[in-house]
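Taking it in order: structure first as structure tokens, then the write-up.
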Amino acid sequence: MGLNGTDVAKNASDMILTDDNFVTIVEAVKQGRNIFDSIRKAVHFLIATNIGEIVVIFFGLLLGMNAPLLAIQLLWINLVTDSIPAIALGLEPEDKNIMNKKPRDSKKGIFSDGLWGKIIVEGFMIGILTLFIFSVGNRKYGLEVARTMAFVSLGIIELIHSFNIRSEESIFKVGVFKNKYLVRSICIRANHASTE
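As structure tokens, this is what we get:
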């Protein structure tokens with residue numbers, strides 16, 4: 013074959029150790045867990061907010077209202093309000109207790125442990141609250157103002173929700189400013205909102 017036993021073992025293995033330092037293995041496991049958590053948070057945020065947007069449009073039209081948001085407003089929310097915080101959630105610093113958690117079952121997917129349920133409930137809450145704000149604005153101020161109210165409230169709710177997803181613990185326990193990328197993404201969004 014032309015290969016020695018070590019080369020065959022390297023080719024057949026799922027993981028190759030390049031050094032014999034146990035600290036390297038621990039650090040690799042820690043980084044892997046953090047990467048998985050970051051991906052899960054970003055997916056959680058994006059799907060929940062998109063469900064919220066769908067609820068606003070679908071139920072608004074189903075209830076016979078005028079379209080609560082214009083197409084350009086939806087596009088703006090998807091490109092700016094959703095994408096920048098999702099990237100920031102992907103850069104979330106590792107949880108200090110990440111190595112105290114039990115190993116994740118390799119047969120469980122990214123949506124395991126009730127994540128789908130959380131996403132659907134949160135998405136409906138985002139959508140219903142925005143729709144309520146739109147209906148109040150439509151009755152009191154007219155369609156154009158109501159659309160603006162819905163647009164601004166949906167953006168703010170989604171930005172607040174991005175902080176909610178960071179941890180299962182209280183945001184004050186985790187630290188509001190721990191993820192500097194998320195704070196910057198909120199500032200970018202607020203700056204864009206002030207120029208609209």
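13 is the number of the first residue of the sequence shown in my numbering; add one for each residue after it. We treat Cβ as the ideally placed atom computed from N, Cα and C, and that holds for glycine. These figures come from a predicted structure and were not determined experimentally.
From residue i to residue j, what distance separates their C-alpha atoms?
i: residue 160; j: residue 144; result: 13 Å
i: residue 190; j: residue 67; result: 32 Å
i: residue 150; j: residue 158; result: 5 Å
i: residue 39; j: residue 127; result: 27 Å
i: residue 115; j: residue 125; result: 14 Å
i: residue 112; j: residue 129; result: 25 Å
i: residue 170; j: residue 33; result: 44 Å
i: residue 2; j: residue 131; result: Because residue 2 is not part of the residues shown, which for the chain are 13 to 208, the question remains open.
i: residue 194; j: residue 152; result: 35 Å
i: residue 120; j: residue 78; result: 42 Å
i: residue 87; j: residue 162; result: 14 Å
i: residue 175; j: residue 146; result: 24 Å
i: residue 91; j: residue 133; result: 23 Å
On the CB-based measure, 16 or more other CB atoms within 10 Å of its CB, does residue i come out buried or exposed?
i: residue 196; result: exposed
i: residue 199; result: exposed
i: residue 13; result: Because residue 13 carries a pLDDT of 45, less than 50, the predicted location of this residue cannot be relied on, and no value is offered for it.
i: residue 48; result: exposed
i: residue 165; result: buried
i: residue 118; result: exposed
i: residue 84; result: exposed
i: residue 70; result: exposed
i: residue 53; result: buried
i: residue 65; result: buried
Check the C-beta distance from residue i over to residue j and give it rounded, since I have them as a contact under 8 Å.
i: residue 57; j: residue 103; result: The pair is not a contact, with the Cβ atoms about 13 Å apart (cut-off 8 Å).
i: residue 63; j: residue 136; result: 7 Å
i: residue 89; j: residue 167; result: 6 Å
i: residue 55; j: residue 122; result: 6 Å
At a cut-off of 7 Å, is residue i close to the ligand MN when judged by its beta-carbon and the heavy atoms of the ligand?
i: residue 64; result: For the structure depicted, the ligand MN is absent and the ligand set is empty, with no information on it obtainable.
Residue ranges of each beta strand (DSSP E) within the stretch 94 to 131, 3 or longer: none
Touching by the beta-carbon criterion (3+ pairs, under 8 Å), the stretch 90 to 98 and the stretch 130 to 142: no
Every unbroken alpha helix (DSSP H) within the stretch 45 to 93, with a cutoff of 4 residues, ordered by chain: 83 to 88
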